[in-house]
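K.L.:
Numbering (the numbering used here), first residue to last: 855 to 1204.
Quick one: the structure is below, and I'll ask about it shortly.
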């Protein structure tokens, strides 16, 4: 029998640190979970785990220091959820860490680097724990009940997890669930390879470069897609004084040419993002033939439910530039996607 409230809440792509992140709504949503836990109502009765599937931060667009300072309340609320005995589990995305090259080989190093960088600026968030952050998560039911196994590598059926969390005992459901969760950039290898050099450059760049990238990517490019078409040449001329002051630089003609070159690259990558289609994800190519029954990922910022090769595929959407959405997982194996409509109400996505 399905409980009235979800056993697991799954969200992705909050992009804390980037323009366009729906920070107020993220804060309200996480605070709602915490309020329910504090007041023994709503999610409280059944919630066992809270999962964020990557790009929780946007370290391409902002620094560790600024993210830790600007989103302190959100990060503290996530820790408070953990303090209520709810497991907090993360995967990491292409705006959290470098994903170029063989990520299976370097994921552990990249994960440790992220945790260390935050600790160096005195962000001691308990949910940033090596044992509860993976590249892939595997939710399954067995004689012990529902479990989440955490892996640094994709070969989950031929390797041991770094950690397994037992959520709760469950009745005999009559079938086995094998549910894989990850950020999702892994399923678009060609486009990830194409864009990763820009992401890597900004991940390790000084704050001024991150800010300028954020401005080009999340402000200028996004405005081009609205009813306010924008020309970067005009933008640089019109706002030259503001930009020079904001970014502490002199926009001489040579620098403008460099900026235009970067802008062209950013525009290409942004177009690739728009062209990502969940149904074109190369899941079989990445995972091979496995017994996975369900796949849940983010990355494309496009909420969707698909069926492919007898697998159900869910994209949890995003909390940046779009109507926010998240997934609810129930103890009978039911998965629902919830999306915030234009009236500010949560509704089922079908």
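We put the beta carbon where it would ideally sit given N, CA and C, even for glycine.
These numbers were taken from a predicted model, which means no experiment stands behind them.
With DSSP as the reference, please indicate the residues paired to residue 875 in a beta bridge.
P.N.:
One-based indexing of the chain shown puts residue 875 at position 21. Paired residue(s): 1174.
K.L.:
Cutting at 6 Å between CB atoms, please list the residues of its own chain near residue 962, excluding the five before and the five after it.
P.N.:
Counted from its first residue, the chain shown places residue 962 at position 108. Non-local beta-carbon contacts of residue 962 in its own chain, meaning distances under 6 Å to residues more than five positions away in sequence, involve 1006 in chain order.
K.L.:
Is it buried or exposed, residue 1128, if we count other Cβ atoms within 10 angstroms and call 16 or more buried?
P.N.:
Stepping through the chain shown from its first residue, residue 1128 is reached at position 274. Exposed, by the Cβ-count rule.
K.L.:
Do residue 1145 and residue 994 have their CB atoms nearer than 7 Å?
P.N.:
Within the chain shown, numbered from 1, the residue matching residue 1145 stands at position 291. Within the chain shown, numbered from 1, the residue matching residue 994 stands at position 140. No, they are not a contact pair.
K.L.:
According to DSSP, what are the bridge partners of residue 1157?
P.N.:
For the purposes of this step, residue 1157 is identified with residue 303 of the chain shown, where counting begins at 1. Answer by DSSP bridge pairing: none, since residue 1157 is not bridged.
K.L.:
Let me confirm a value: residue 869 is counted as buried when at least 16 other C-beta atoms fall within 10 Å, else exposed. Which label applies?
P.N.:
The sequence position of residue 869 within the chain shown is 15, counting from 1. Flag for residue 869 reads buried.
K.L.:
Quick one, which of 982, 1028, 939, 979 has its alpha-carbon nearest residue 1022's?
P.N.:
On the chain shown, position 168 is the one that residue 1022 refers to. Nearest of 982, 1028, 939, 979 to residue 1022, Cα basis: 939.
K.L.:
Where residue 1054 and residue 894 are concerned, what is the direct C-alpha to C-alpha distance, given to the nearest angstrom?
P.N.:
Residue numbering aside, residue 1054 sits at position 200 when the chain shown is read from its first letter. Residue numbering aside, residue 894 sits at position 40 when the chain shown is read from its first letter. If I take the Cα positions, the gap works out to 43 Å.
K.L.:
Residue 913 and residue 1070 look like a contact to me (Cβ under 8 Å); what is the Cβ gap, rounded to whole Å?
P.N.:
Translated into positions along the chain shown, residue 913 becomes position 59. Translated into positions along the chain shown, residue 1070 becomes position 216. Their Cβ separation, rounded to whole angstroms, is 17 Å, which puts residue 913 and residue 1070 out of contact at 8 Å.
K.L.:
May I have the straight-line CA-CA distance separating residue 1063 from residue 1020, to the nearest angstrom?
P.N.:
Here residue 1063 refers to the residue found at position 209 of the chain shown. Here residue 1020 refers to the residue found at position 166 of the chain shown. Their Cα atoms are separated by approximately 43 Å.
K.L.:
Within 10 angstroms of its Cβ, does residue 1189 collect 16 or more other Cβ (buried), or is it exposed?
P.N.:
As a first step, residue 1189 must be located in the chain shown, where it is residue number 335. Burial call: buried.
K.L.:
Taking the beta strand (DSSP E) that residue 1067 belongs to, which residues open and close that run?
P.N.:
Against the chain shown, residue 1067 aligns to sequence position 213. Here residue 1067 belongs to no beta strand (DSSP E); instead the alpha helix (DSSP H) covers 1061-1068.
K.L.:
Out of 896, 900, 882, 872, which one is the CA nearest neighbour of residue 1186?
P.N.:
For the purposes of this step, residue 1186 is taken as the residue at position 332 of the chain shown. Of the listed residues, the one whose Cα sits closest to residue 1186 is 900.
K.L.:
Can you give the Cα-Cα distance for residue 906 and residue 863, rounded to whole angstroms?
P.N.:
The residue labelled residue 906 in the question sits at position 52 within the chain shown. The residue labelled residue 863 in the question sits at position 9 within the chain shown. Taking the Cα positions, residue 906 is about 9 Å away from residue 863.
K.L.:
Does any residue of chain B bring its CB to less than 7 Å from the CB of residue 882?
P.N.:
This model lacks chain B altogether, as it is built from one protein chain only.
K.L.:
Are residue 1036 and residue 1147 touching if we call contact CB-CB under 7 Å?
P.N.:
The count along the chain shown starts at 1 and reaches residue 1036 at position 182. The count along the chain shown starts at 1 and reaches residue 1147 at position 293. No, the Cβ-Cβ distance between residue 1036 and residue 1147 is not below 7 Å.
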